[in-house]
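Notes follow the structure.
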Amino acid sequence: MSMTLGYWDIRGLAHAIRLLLEYTDSSYEEKKYTMGDAPDYDRSQWLNEKFKLGLDFPNLPYLIDGAHKITQSNAILRYIARKHNLCGETEEEKIRVDILENQAMDVSNQLARVCYSPDFEKLKPEYLEELPTMMQHFSQFLGKRPWFVGDKITFVDFLAYDVLDLHRIFEPKCLDAFPNLKDFISRFELAHSIRLLLEYTDSSYEEKKYTMGDAPDYDRSQWLNEKFKLGLDFPN
1 MSMTLGYWDI RGLAHAIRLL LEYTDSSYEE KKYTMGDAPD YDRSQWLNEK
51 FKLGLDFPNL PYLIDGAHKI TQSNAILRYI ARKHNLCGET EEEKIRVDIL
101 ENQAMDVSNQ LARVCYSPDF EKLKPEYLEE LPTMMQHFSQ FLGKRPWFVG
151 DKITFVDFLA YDVLDLHRIF EPKCLDAFPN LKDFISRFEL AHSIRLLLEY
201 TDSSYEEKKY TMGDAPDYDR SQWLNEKFKL GLDFPN
């Protein structure tokens, strides 16, 4: 039986959940609720169902999977991730998962407070001043790892991608000084499509991984020494 994900018909808190459901090839359907236009922002479509779904803490987003009825976006992510062993394996990995899960939520909430504020134009310059430091913290936490926890993707990579992507939209150049974050974004965006393609074609392949140096230089010589020797039309 398919799971049901309920949320407003926007990106919001459900984006990372949708990405994780797609990545894990989960069977699900979406129940999208529409909010009315300003100034009233009519929420009756959701409110008419809110207390009829058997949710312990009725809220959006929610996930219903048979007898399991879950609210809180991170709880939903963890529930899906546990099914697919995407919560970290060692104690060190689990600690990194816990840290990034909460840090990503904090930063996402900070951005939302600015974007949804009636004082947006006043708040934006100060936020932009703080943005390089925020991104630097993410960059240092990622380091040379392919994924934020280590060599394997976990559910917090979906949260990290979401928050970094939102900041790219807010300030398109905000990642330019952090090549490891840009590489992470590219790696993440390829992960889903490549996985599906390889499964579909039943292809055998091997991966060549290049190591990046430590901050602040992020030495890329291992890749640069090969970059123009592989016969690529557009080496990248």
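So the sequence shown is numbered by full-length UniProt numbering: it starts at 1 and just counts up by one. Don't be surprised by glycine CBs; every beta carbon is placed ideally from N, CA and C.
Give the DSSP-derived three-state secondary structure of residue i in the structure shown.
{"i": "Val97", "result": "helix"}
{"i": "Phe178", "result": "coil"}
{"i": "Ser108", "result": "helix"}
{"i": "Lys144", "result": "coil"}
{"i": "Ala127", "result": "Looking at the sequence shown, residue 127 is not Ala but Tyr. DSSP places Tyr127 in helix when its eight states are reduced to three."}
{"i": "Leu190", "result": "helix"}
{"i": "Lys173", "result": "coil"}
{"i": "Phe184", "result": "helix"}
{"i": "Ser139", "result": "helix"}
{"i": "Asn236", "result": "coil"}
{"i": "Pro132", "result": "helix"}
{"i": "Lys122", "result": "helix"}
{"i": "Val149", "result": "coil"}
With distances taken Cα to Cα, identify the nearest neighbour of residue i among the options.
{"i": "Gln103", "options": "Met134, Tyr7 and Arg78", "result": "Met134"}
{"i": "Leu159", "options": "Arg11, Ser2 and Leu5", "result": "Arg11"}
{"i": "Asp106", "options": "Leu164, Phe188 and Leu63", "result": "Leu164"}
{"i": "Gly213", "options": "Arg145, Phe184 and Ser117", "result": "Arg145"}
{"i": "Ser186", "options": "Asp157, Glu171 and Phe170", "result": "Asp157"}
{"i": "Val128", "options": "Phe170, Lys94 and Glu89", "result": "It should be pointed out that residue 128 corresponds to Leu in this sequence rather than to Val. When each option's Cα is compared against that of Leu128, the closest is Phe170."}
{"i": "Thr4", "options": "Lys173, Ile70, Leu230 and Leu123", "result": "Ile70"}
{"i": "Asp65", "options": "Ile76, Arg43, Phe57 and Asn236", "result": "Ile76"}
{"i": "Ser108", "options": "Gly150, Ala14 and Cys87", "result": "Ala14"}
{"i": "Leu60", "options": "Thr211, Ser73 and Val149", "result": "Ser73"}
{"i": "Pro216", "options": "Lys209, Phe141 and Glu189", "result": "Phe141"}
{"i": "Leu190", "options": "Ala16, Tyr23 and Tyr7", "result": "Tyr23"}
{"i": "Glu93", "options": "Ile153, Asp9 and Lys173", "result": "Ile153"}
{"i": "Asp151", "options": "Ala16, Phe188, Gln110 and Asp42", "result": "Phe188"}
{"i": "Ile17", "options": "Trp223, Asp162 and Gln222", "result": "Asp162"}
{"i": "Lys209", "options": "Asp183, Leu232, Pro58 and Leu123", "result": "Asp183"}
{"i": "Phe178", "options": "Arg220, Phe155 and Val149", "result": "Arg220"}
{"i": "Asp25", "options": "Lys83, Asp56 and Ala38", "result": "Lys83"}
{"i": "Gly36", "options": "Gly231, Asn180, Tyr28 and Gln45", "result": "Gln45"}
{"i": "Glu30", "options": "Asp9, Pro39 and Leu224", "result": "Asp9"}
Would you mind reading off the limits of the alpha helix (DSSP H) that contains residue i?
{"i": "Lys208", "result": "Here Lys208 belongs to no alpha helix (DSSP H), and DSSP marks it neither H nor E."}
{"i": "Ile169", "result": "Phe155 to Phe170"}
{"i": "Trp223", "result": "Ser221 to Leu224"}
Could you name each continuous alpha helix (DSSP H) segment of 4 residues or more that falls completely within the UniProt domain "GST N-terminal" (1 to 88), going from the start of the chain to the end? 15 to 23, 44 to 47 and 73 to 83
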